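K.L.:
Residue numbers 76 to 297, in my numbering, belong to the letters of the sequence shown in order.
Backbone N, C-alpha and C define an ideal beta-carbon position, used for all residues, glycine too.
As the structure is a prediction and not an experimental result, all values here were calculated from the model.
Have a look at the structure that comes next, please.
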Amino acid sequence: MKIDVLSLFPEAFTSFLATSMVARAISKSAIEVELDDIRNYSRDKHRQTDDYPYGGFAGMVATPQPLWDAIKARLRQSPAPVIYFTPQGRKLNQKILLDYAREPRVILICGHYKEIDQRIRRLAVSDEISLGDFVLSGGELAAQVFIDGVARLQDGVLSDIDSAKSDSFYHRQLGFPCYTRPESFLEQRVPEVLLSGNHALIQAWADAQAHFLTQTRRPDLL
Ligand SMILES: C[S@@+](CC[C@H](N)C(=O)[O-])C[C@H]1O[C@@H](n2cnc3c(N)ncnc32)[C@H](O)[C@@H]1O
76 MKIDVLSLFP EAFTSFLATS MVARAISKSA IEVELDDIRN YSRDKHRQTD DYPYGGFAGM
136 VATPQPLWDA IKARLRQSPA PVIYFTPQGR KLNQKILLDY AREPRVILIC GHYKEIDQRI
196 RRLAVSDEIS LGDFVLSGGE LAAQVFIDGV ARLQDGVLSD IDSAKSDSFY HRQLGFPCYT
256 RPESFLEQRV PEVLLSGNHA LIQAWADAQA HFLTQTRRPD LL
């Protein structure tokens, strides 16, 4: 999967792309991430990418020209969905990640300032995605959340894909509680069933725990 990222702060991705599961996905060629600095497309003599909003409102607005040229340059290579991260978008969830994980290519737009010019959203964006009901300073963290989420769904990235399949939201429920050694920690013992060696019983326990958690914390999923 090829992921193009358009950002005013591509350096924000340096350690993210070199760390953990995302680095592994890149090293296995399961994903390829190309960062593009929106400023490089500015035709302004000072390479400016923001301007005052019409209407005299507070804040600055990302000008349309650099974004438009950056998106066009990317689309010239091959067609792809263009995703803009914004608190006004549909809320990101596992289903959206699963759908996009199957795409050969996506283009991600990280906003900044008060907003990007509305005409870019109208003319060039095919989907708008939000991390949740709060406002961040830029779309870089949202893009990173998206990249991590789709990277771990690519074939061969997780050493044990069954692990992802029993995570929260893969099926419409939360994950089950997990324990590792030691058997007793601060007088808290691991549930006996997990030490029984009886795989059917252990699976039934995990299913019941996941169901209970979902029912008590996220009944909307059931
Ligand atoms: C200060 S925010 C803009 C908020 C915008 N004026 C509004 O009222 O919805 C700047 C940028 O951060 C990103 N951003 C902020 N919060 C976000 C969220 N909850 N989900 C996704 N992206 C977000 C977007 O790319 C946005 O363009």
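I'd like the ranges of any alpha helix (DSSP H) spanning at least 4 consecutive residues and lying wholly in the segment 136 to 206.
P.N.:
Every unbroken stretch of the alpha helix (DSSP H) spanning 4 or more residues and falling wholly within the segment 136 to 206 is given here in chain order: 139 to 152, 169 to 176 and 193 to 199.
K.L.:
If we ignore side chains and look at the alpha-carbon of each, how far apart do Leu83 and Cys253 end up?
P.N.:
Position 8 of the sequence shown holds residue 83. Position 178 of the sequence shown holds residue 253. Distance between the alpha carbons of Leu83 and Cys253 is about 40 Å.
K.L.:
Please work out which residues of its chain come closer than 7 Å, Cβ to Cβ, to Leu110, disregarding the five sequence neighbours upstream and downstream, and give them in chain order.
P.N.:
Here the question's residue 110 lines up with position 35 in the sequence shown. Once the five neighbours on either side are set aside, the close Cβ partners of Leu110 are Val80, Ser82, Pro85 and Phe88.
K.L.:
Would you mind reading off the limits of the beta strand (DSSP E) that contains Leu81?
P.N.:
Residue numbering aside, residue 81 sits at position 6 when the sequence shown is read from its first letter. Looking at the DSSP string, the run of the beta strand (DSSP E) that includes Leu81 is Lys77 to Ser82.
K.L.:
Just checking my contact of Asp242 with Gly250 at CB under 8 Å: how many whole Å lie between their CB atoms?
P.N.:
Counting from 1 along the sequence shown, the entry for residue 242 is found at position 167. Counting from 1 along the sequence shown, the entry for residue 250 is found at position 175. Contact flag correct, Cβ pair sits at about 5 Å.
K.L.:
Let me check one thing: in DSSP terms, what residues is Gln263 bridge-paired to?
P.N.:
Counting from 1 along the sequence shown, the entry for residue 263 is found at position 188. DSSP output for Gln263 lists Phe260 as bridge partner(s).
K.L.:
Taking 8 Å as the line, does the beta carbon of Ile204 fall inside it for any heavy atom of ligand 1?
P.N.:
Locating residue 204 in the sequence shown gives position 129, where the first residue counts as 1. Inclusion of Ile204 in the 8 Å shell around ligand 1 follows from its C-beta lying nearer than that to a non-hydrogen atom of the ligand.
K.L.:
Using a 10 Å radius around the Cβ and a threshold of 16 neighbouring Cβ atoms, would you call Ile158 buried or exposed?
P.N.:
Position 83 of the sequence shown, counting from 1, holds the residue named residue 158. With 16 or more other Cβ atoms within 10 Å, it is buried.
K.L.:
Measuring only the C-alpha atoms, how far is Arg122 from Tyr116?
P.N.:
Residue mapping note: residue 122 aligns to position 47 of the sequence shown, counting from 1. Residue mapping note: residue 116 aligns to position 41 of the sequence shown, counting from 1. The straight-line gap from Cα to Cα measures roughly 8 Å.
K.L.:
Can you give me the C-alpha to C-alpha distance between Ala148 and Glu178, rounded to a whole angstrom?
P.N.:
Looking up residue 148 in the sequence shown gives position 73. Looking up residue 178 in the sequence shown gives position 103. If I take the Cα positions, the gap works out to 19 Å.
K.L.:
For Leu183, which residues of its own chain have a beta-carbon under 6 Å away from its beta-carbon, when the five flanking residues on both sides are left out?
P.N.:
In the sequence shown, counting from the first residue as 1, residue 183 sits at position 108. So the qualifying residues of the chain are Val80, Ile158 and Ala218.
K.L.:
Helix, strand or coil, according to DSSP, for Asp223 in the structure here?
P.N.:
On the sequence shown, position 148 is the one that residue 223 refers to. Helix.
K.L.:
Which class does Leu110 belong to by DSSP, given the choice of helix, strand or coil?
P.N.:
Residue numbering aside, residue 110 sits at position 35 when the sequence shown is read from its first letter. Three-state DSSP puts Leu110 in a strand.
K.L.:
Please identify the residue among Ile222, Asp126 and Pro141 whose C-alpha is closest to the C-alpha of Met135.
P.N.:
Reading the sequence shown from its first residue, position 60 is the one you call residue 135. Among Ile222, Asp126 and Pro141, the Cα nearest to that of Met135 belongs to Asp126.
K.L.:
Please classify Gln263 as buried or exposed, where buried requires at least 16 other C-beta atoms within 10 Å of its C-beta.
P.N.:
On the sequence shown, position 188 is the one that residue 263 refers to. So Gln263 counts as exposed.
K.L.:
Quick test of your reading: Thr138 and Thr161, contact by CB under 8 Å. State the CB separation rounded to the nearest angstrom.
P.N.:
As a first step, residue 138 must be located in the sequence shown, where it is residue number 63. As a first step, residue 161 must be located in the sequence shown, where it is residue number 86. Actually they do not touch by this definition, with Cβ atoms about 17 Å apart.
K.L.:
Which term fits Tyr129, buried or exposed, when burial requires 16 or more other beta carbons within 10 angstroms of its beta carbon?
P.N.:
As a first step, residue 129 is located in the sequence shown; it is residue number 54 there, counting from the start. So Tyr129 ends up on the exposed side.
K.L.:
Which residue or residues does DSSP assign as beta-bridge partners of Asp126?
P.N.:
If you number the sequence shown from 1, residue 126 lands on position 51. Answer is Val136, bridged to Asp126.
K.L.:
Please report how far the alpha carbon of Arg247 lies from the alpha carbon of Arg180, in whole angstroms.
P.N.:
Translated into positions along the sequence shown, residue 247 becomes position 172. Translated into positions along the sequence shown, residue 180 becomes position 105. Going by the C-alpha atoms only, they are around 27 Å apart.
K.L.:
What is the DSSP secondary structure of Tyr245, counted as helix, strand or coil?
P.N.:
Indexing the sequence shown from 1 puts residue 245 at position 170. Coil at Tyr245, not helix or strand.
K.L.:
Quick one: is Thr94 buried, meaning 16 or more other Cβ sit within 10 Å of its Cβ, or exposed?
P.N.:
Numbered from its first residue, the sequence shown carries residue 94 at position 19. Exposed is the call here.
K.L.:
Is the separation between the beta-carbon of Ile206 and that of Leu216 shorter than 9 Å?
P.N.:
For the purposes of this step, residue 206 is taken as residue 131 along the sequence shown, with counting starting at 1. For the purposes of this step, residue 216 is taken as residue 141 along the sequence shown, with counting starting at 1. For the record, residue 206 in the displayed sequence is Leu; it is not Ile. Yes, these two residues count as a Cβ contact at 9 Å.
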